[in-house]
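Peer 1: Let me begin by handing over the structure; questions about it come next.
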Amino acid sequence: MMTAMGFDQYHEPASELPSETRTFARLCASLTEEAEAIGWYEQRLALEPDATARAIMRDAQGEEFKHFCMDLEFLLRRTPLWREIAIGILFQEGDIVEHGEKAEEDAVAGAAARGERITGGVSLGIGSLREEVA
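Read in order, the letters of the sequence shown correspond to residues 110 to 243 in the working numbering.
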């Protein structure tokens, strides 16, 4: 008798997780895999002496980066708080850590002021989180 292979992307029984959570976990796993592939190509590019081979690998690395960005955008669309934090960090001049701290503080304060739940049980759908308030 053959059994299905499990996936280590779940830390809870997959059959008990809502489909939105399983999809979210898949995209998190995909994001990680794309980031790893980008790093692997960077190492290969650093050592490859053949210009044509480097050009091919650079193109492949670009595809991985595109997929990474698409995965990230999917996740940010499903988690408005993360998106708000990302907006405060990405494409900003200056100290990245300072932007991160301020963006997190502002996003959490904003969510709290709007009465939105900021931890656990947050809806993965796009839209208001107010229905989650206890």
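Just so it is clear, CB atoms sit at the ideal spot from N, CA and C, and this is done for glycine as well.
These figures come from a predicted structure and were not determined experimentally.
Given a threshold of 16 other Cβ atoms within 10 Å of its Cβ, counted over all protein chains shown, does P189 qualify as buried or as exposed?
Peer 2: buried
Peer 1: Give me the Cβ distance between I198 and A216, rounded to the nearest whole Å; I'm assuming they're in contact under 8 Å.
Peer 2: No, I198 and A216 are not in contact; Cβ-Cβ is about 10 Å, not under 8 Å.
Peer 1: Count the C-beta pairs between the segment 146–163 and the segment 128–136 that are closer than 8 Å, then say yes if the count reaches three, no if not.
Peer 2: no
Peer 1: Among the candidates I227, H208, A138, A222, whose CA atom is the shortest distance from the CA of L184?
Peer 2: A138
Peer 1: Taking the CB atoms as reference points, tell me whether L140 and L181 lie closer together than 9 Å.
Peer 2: Their beta carbons are under 9 Å apart, which means L140 touches L181 by this criterion.
Peer 1: In whole angstroms, what is the alpha-carbon distance linking S124 and D204?
Peer 2: 43 Å
Peer 1: Who are the near neighbours of E143 in its chain, counting only those whose CB is closer than 8 Å to its CB and skipping five residues on each side?
Peer 2: E173, F174, H176, F177, D180
Peer 1: Out of E193, E145, T161, Y150, which one is the CA nearest neighbour of A169?
Peer 2: Closest option to A169, Cα to Cα, is Y150.
Peer 1: Looking at the unbroken alpha helix (DSSP H) that takes in E123, where does it start and where does it end?
Peer 2: For clarity, residue 123 is Ala in the given sequence; the question names Glu instead. Where A123 is concerned, there is no enclosing alpha helix (DSSP H), given that its DSSP letter is neither H nor E.
Peer 1: Quick one: residues in its chain with C-beta nearer than 7 Å to the C-beta of A221, no 5 flanking neighbours on either side, listed in chain order?
Peer 2: I227
Peer 1: Measure the C-alpha to C-alpha separation of Q152 and P122 and round it to an integer number of angstroms.
Peer 2: 36 Å
Peer 1: Which residues in the same chain have their Cβ closer than 6 Å to the Cβ of R223, if we skip the five residues on either side of it in sequence?
Peer 2: Excluding residues within five positions, none has a Cβ falling inside 6 Å.
Peer 1: Could you pull out every residue in the same chain whose Cβ sits closer than 7 Å to the Cβ of R163, ignoring the five residues on either side in sequence?
Peer 2: L154, E157
Peer 1: Which of helix, strand or coil does DSSP assign to G148?
Peer 2: Helix at G148.
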